Amino acid sequence: SLKKATQPADELHQYGHGKIENISGVIEALLILIAALWIILEAVKRLMYGGQVESIGLGIGIMGFASLINFFLSRYLFRVAKETDSIALKADALHLSTDVLTSLGVMAGLILIEITHIQILDPIFAILIALLIIKASYDLTKEAFSPLLDTRLPIEEEKDIINIICRYQDGFLEYHKLRSRKSGSERHIDLHLVVPGEKPINEVHQMCDQIEKEIKNRFSTCQVLIHAEPCNNKCEECSFRIHCTK
66 SLKKATQPAD ELHQYGHGKI ENISGVIEAL LILIAALWII LEAVKRLMYG
116 GQVESIGLGI GIMGFASLIN FFLSRYLFRV AKETDSIALK ADALHLSTDV
166 LTSLGVMAGL ILIEITHIQI LDPIFAILIA LLIIKASYDL TKEAFSPLLD
216 TRLPIEEEKD IINIICRYQD GFLEYHKLRS RKSGSERHID LHLVVPGEKP
266 INEVHQMCDQ IEKEIKNRFS TCQVLIHAEP CNNKCEECSF RIHCTK
């Protein structure tokens with residue numbers, strides 16, 4: 066999915082293929098949810114019908130080794146996902162993290178069973194771990210699914226965009242219709258700038274280019290579209306100061 070999502074726009078997909086990454090994230094989050102529900106189902110069966118845990122020492126050793134490997138690998142993937150702003154890599158990292166949680170839960174249950182000889186502790190720990198995994202799956206699903214509906218960027222990011230626009234407030238009268246969305250790791254931003262009617266078009270173009278450049282410097286992958294329009298001479302008062310108040 067990462068390879069496909071990073072392919073450039075083409076004649077059929079003129080806004081790129083970034084949302085493939087979001088679809089991949091949603092699918093992986095649902096797979097994690099299914100795994101958590103399966104854990105709960107198996108744990109409930111053990112609570113209802115009982116069961117004997119055997120080879121506890123060997124089980125603890127295997128789980129400990131697997132947890133250690135998955136922990137370091139998940140940390141690495143989380144770091145790369147943050148650097149690249151990739152929801153697909155974040156989903157992979159979360160998948161490994163759920164494996165770590167599952168292994169730690171099993172280890173804790175096995176250790177307590179070894180100490181207390183209470184067999185019911187194993188399914189109880191399994192259910193608790195599964196509930197944590199369900200919460201993580203829900204958060205990932207929400208994060209990956211929102212861009213599919215063209216949800217606006219976070220307020221903090223929009224504030225950064227507004228601050229950049231307002232650095233050039235001496236060159237325009239007002240901005241409006243600021244819209245934003247995200248597709249994969251790529252952000253799409255568009256807005257309207259109202260400029261003095263007598264302002265030379267080359268100066269307007271240069272100002273828009275500077276604003277676009279600063280926004281793209283702020284966000285690693287970003288597409289910016291600015292529509293400049295002449296002011297309405299009948300306006301009695303410009304409202305740009307209201308928009309540009311930090």
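All residue numbers for the sequence shown refer to my numbering, where the first residue is 66 and numbers rise by one. Cβ atoms here follow ideal geometry from the backbone N, Cα and C, with glycine treated the same way. Just so it is clear, the structure is predicted and the values come from calculations on it, not from any experiment.
Spatial distance of residue i from residue j (CA atoms)
{"i": "Ile-99", "j": "Leu-166", "result": "15 angstroms"}
{"i": "Glu-93", "j": "Ser-248", "result": "17 angstroms"}
{"i": "Pro-188", "j": "Ser-168", "result": "13 angstroms"}
{"i": "Lys-264", "j": "Tyr-240", "result": "16 angstroms"}
{"i": "Leu-197", "j": "Thr-181", "result": "25 angstroms"}
{"i": "Ala-74", "j": "Ser-151", "result": "18 angstroms"}
{"i": "Thr-310", "j": "His-257", "result": "For Thr-310, the predicted structure reports a pLDDT of 45, less than 50, and the residue's modelled location is therefore unreliable. The matter cannot be settled from this model."}
{"i": "Phe-305", "j": "Ile-226", "result": "For Phe-305, the pLDDT reaches just 45, beneath the cut-off of 50, and the residue's location in the model is therefore unreliable, although a value from the coordinates is still provided. Going by the C-alpha atoms only, they are around 15 angstroms apart."}
{"i": "His-78", "j": "Thr-286", "result": "17 angstroms"}
{"i": "Tyr-203", "j": "Asn-282", "result": "32 angstroms"}
{"i": "Glu-222", "j": "Phe-137", "result": "30 angstroms"}
{"i": "Phe-143", "j": "Lys-155", "result": "6 angstroms"}
{"i": "Leu-238", "j": "Cys-296", "result": "7 angstroms"}
{"i": "Lys-242", "j": "Val-91", "result": "30 angstroms"}
{"i": "Glu-277", "j": "Val-259", "result": "16 angstroms"}
{"i": "Met-272", "j": "Trp-103", "result": "57 angstroms"}
{"i": "Ile-291", "j": "Asp-215", "result": "19 angstroms"}
{"i": "Gly-174", "j": "Gln-184", "result": "9 angstroms"}
{"i": "Asn-228", "j": "His-253", "result": "17 angstroms"}
{"i": "Ala-209", "j": "Asn-135", "result": "23 angstroms"}
{"i": "Tyr-141", "j": "Lys-147", "result": "10 angstroms"}
{"i": "Arg-244", "j": "Ile-220", "result": "12 angstroms"}
{"i": "Phe-190", "j": "Met-113", "result": "15 angstroms"}
{"i": "Arg-246", "j": "Gly-83", "result": "12 angstroms"}
{"i": "Lys-207", "j": "Ile-199", "result": "12 angstroms"}
{"i": "Ala-101", "j": "Val-145", "result": "25 angstroms"}
{"i": "Ile-307", "j": "Lys-224", "result": "Low local confidence applies: a pLDDT of 45 at Ile-307 is under 50, so the model's placement there is unreliable, with the coordinate-based value given in what follows. Taking the straight line from one Cα to the other gives about 14 angstroms."}
{"i": "Lys-110", "j": "Leu-95", "result": "23 angstroms"}
Minimum C-alpha distance to residue i - residue among the options
{"i": "Ala-293", "options": "Gly-236, His-78, Ser-250 and Leu-133", "result": "Gly-236"}
{"i": "Pro-261", "options": "His-270, Ile-254 and Asp-255", "result": "His-270"}
{"i": "Tyr-233", "options": "Val-109, Thr-149, His-82 and Glu-268", "result": "Glu-268"}
{"i": "Glu-279", "options": "Arg-246, Ile-199 and Cys-231", "result": "Cys-231"}
{"i": "Gly-129", "options": "Ser-211, Gly-170, Leu-95 and Thr-149", "result": "Gly-170"}
Proximity of residue i and residue j at Cβ, strictly below 8 angstroms
{"i": "Ile-192", "j": "Leu-186", "result": "no"}
{"i": "His-160", "j": "Ile-97", "result": "yes"}
{"i": "Ala-195", "j": "Ile-127", "result": "no"}
{"i": "Ala-158", "j": "Ser-89", "result": "no"}
{"i": "Gln-288", "j": "Glu-251", "result": "yes"}
{"i": "Leu-201", "j": "Thr-163", "result": "As written in the sequence, residue 201 is Ala, which differs from the Leu given in the question. Yes, the pair counts as a contact, with Cβ atoms nearer than the cut-off."}
{"i": "Asn-87", "j": "Leu-213", "result": "yes"}
Sheet register partners of residue i (DSSP bridge)
{"i": "His-292", "result": "His-257"}
{"i": "Glu-223", "result": "In DSSP, Glu-223 forms no bridge with anything."}
{"i": "Cys-287", "result": "Arg-252"}
N-terminal and C-terminal residue of the beta strand (DSSP E) that residue i is part of
{"i": "Tyr-240", "result": "239-248"}
Residue span of the alpha helix (DSSP H) that contains residue i, given as start and end
{"i": "Leu-214", "result": "Segment: none, Leu-214 is in no alpha helix (DSSP H) and carries neither H nor E."}
{"i": "Leu-111", "result": "According to the sequence displayed, residue 111 carries Arg and not Leu. Unbroken alpha helix (DSSP H) run through Arg-111: 84-114."}
{"i": "Glu-179", "result": "152-181"}
The ligand NAD heavy atom lying under 7 angstroms from the CB of residue i
{"i": "Ala-74", "result": "This structure lacks the ligand NAD, and indeed carries no ligand of any kind."}
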